[in-house]
Amino acid sequence: MTRLDAGPDTAAELSAGALREAPARCDGPRSLVLESREVPLGGVRGMAVHRALPQRDLPMVGAWCFLDRFGPQRTRMRVEPHPHIGLQTVTWPFVGEVRHRDSVGSDVVVRRGVLNLMTSGLGISHSEYSVGDDEVALDALQLWVALPDDRRFGGPEFERHDDLPEVAIAAEEGDAAWAIVVMGEFADAVSPATAYTPIVGAEVRIAPGSRVRLPLRPDWEYALVAIDGDLTADASAEASVVTLERGRLVYLGIARESIEVASASGASIFMLGGEPFPDDIVMWWNFVGRDHDEIVEARQAWESGSSRFGHVVDHGDERIPAPPLPAVRLTPRRRRT
Ligand code: MN
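Counted the way our numbering counts, the sequence shown spans residues 117 to 453.
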């Protein structure tokens, strides 16, 4: 996945973000409901995606710093070679197939049930195509995980997993919920995917007419993103109930032992969480760094065709150029909740 918008969205917002005071870490439970926004992804047909993270008031949840859903739609996806630094991309398809090629020589097709995990380290480039030349049904999540200091300067890697653990969570009412642990750990199950910070990414399905209590770690922060169906979450310390609809994210904060969720007609959600990330990050285009100068250097390296980003296997000269830098220095976007 790549971004057409370089984000933060405007210079004015950048300045506003830099001036606002915010706590270094979330200090308790929250029940902040945030909507996804539609953004253009580019390409010939201007494919649109729905972005749930980052949000103006919520740049990260644990090490998670980006969440796009592309679909459900019929499209011919052609995301040409583009670079990444400082992050892992997590691609989790629901419908359809995505062909991934990268500069460490990978050329794979991912589909439902298979995790595609790319670790950029200091630099990688990749392309993402739908399979075939026709429009096809496509629906998938792509998330980014910020890498910690002791990994972000390392080498690029790619891995794929079709052996992710599945767990059942006993119901308080109705049928048990089902979860597949994509990244990190949840409900005593651990994903085989390589993670560099304490984290969880899990798809959870709630059966129709059921109510379950999802176990949480009080020292981690969490969010739930609605994929499909109807869901209510008992999402505050005062026991108010929030309703999740498709594309909506509820940020739960920290210091919870569990969260109770229920669905009338059945629901599918994606749970994000982890240890609060220790650093403020600067995210611009497809780069995650810590300050303006790192981003400028990475942009320059991509624009000059530096070997830092390698060459995407089976591609010619096609590549996505970096957008222009903003007129102001890039600064970290901080939590405002
Ligand atoms: Mn990408």
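Note that beta-carbon positions come from the ideal geometry of N, C-alpha and C, so glycine has one too. Model, not experiment: these values are computed from the prediction.
- Taken through DSSP and simplified to helix, strand or coil, tryptophan 401 comes out as coil.
- Every unbroken stretch of the beta strand (DSSP E) spanning 3 or more residues and falling wholly within the stretch 240-266 is given here in chain order: 240-246 and 252-262.
- Remark: the shortest separation between the CB of asparagine 402 and any heavy atom of the ligand MN falls under 7 Å.
- Within a 10 Å sphere around the beta-carbon of arginine 141 sit fewer than 16 other beta-carbons, which makes this residue exposed.
- Of the residues Ala164, Cys181 and Met163, the one whose Cα lies closest to the Cα of proline 170 is Cys181.
- Look at histidine 408 here: in three-state DSSP terms it is helix.
- In the structure shown, glutamate 337 falls within a strand segment according to DSSP collapsed to helix, strand and coil.
- Distance from the CA atom of glycine 421 to the CA atom of proline 209, rounded to whole angstroms, is 31 Å.
- It is roughly 51 Å from the alpha-carbon of proline 440 to the alpha-carbon of alanine 286.
- The criterion of a C-beta distance shorter than 8 Å is not satisfied by leucine 388 and tyrosine 312.
- Between valine 320 and isoleucine 385, the CB-CB gap stays under 8 Å.
- Nearest in C-alpha terms to glycine 390, of all of Gly221, Pro264, Arg449 and Ala293, is Pro264.
- The beta carbon of arginine 227 is closer than 6 Å to those of Pro209 and Glu213 in its chain, skipping five residues each way along the sequence.
- Pairwise C-beta distances place the stretch 232-240 out of contact with the stretch 179-193, as fewer than three of them are shorter than 8 Å.
- Contact between aspartate 278 and valine 230 is confirmed by a C-beta separation of about 5 Å, below the 8 Å threshold.
- Inclusion of glutamate 151 and arginine 372 in the CB contact set at 8 Å is not warranted, their separation being larger than that value.
- Between glutamate 376 and arginine 415, the beta carbon gap of about 45 Å keeps them out of contact (Cβ cut-off 8 Å).
- Annotated as proximal: valine 206 and glycine 317, with beta-carbon spacing under 8 Å.
- Set against 7 Å, the gap from the CB of histidine 431 to the closest heavy atom of the ligand MN is not smaller.
- Cβ contact annotation for leucine 332 (same chain, cutoff 8 Å, sequence separation greater than five): Tyr338, Leu368, Arg372, Glu373, Ser374, Ile375 and Gly389, in chain order.
- In this structure, the ligand MN has a non-hydrogen atom nearer than 7 Å to the beta-carbon of threonine 205.
- Using a 10 angstroms sphere on the CB of valine 165, the tally of other CB atoms reaches 16 or more, which defines it as buried.
- Comparing alpha carbon positions, the residue from Ala417, Val366 and Arg445 closest to valine 177 is Val366.
- Taking 7 Å as the cut-off, the C-beta of histidine 242 counts as close to a heavy atom of the ligand MN.
- Aspartate 184: member of the beta strand (DSSP E) spanning 180-191, first to last residue.
- For the ligand MN, no non-hydrogen atom lies closer than 7 Å to the CB of histidine 427.
- In the structure shown, alanine 295 adopts extended strand secondary structure according to DSSP, grouped into three states.
- For leucine 280, the CB contacts under 8 Å within the same chain, skipping 5 residues up- and downstream, are Gly229, Leu231, Ile296, Val297, Val298, Ser307, Pro308 and Ala309 in chain order.
- Under the three-state reduction of DSSP output, arginine 217 falls in the strand class.
- Taking the C-beta atoms as reference points, valine 412 is found no nearer than 8 Å to isoleucine 201.
- A residue is called buried when at least 16 other Cβ atoms come within 10 angstroms of its Cβ; aspartate 433 does not meet this threshold and is exposed.
- Taking the Cα positions, aspartate 344 is about 15 Å away from arginine 167.
- Threonine 453 is not a Cβ neighbour of leucine 233, given a cutoff of 8 Å.
- In the three-state reduction of the DSSP assignment, glutamate 361 falls in the coil class, being assigned neither a helical nor a strand state.
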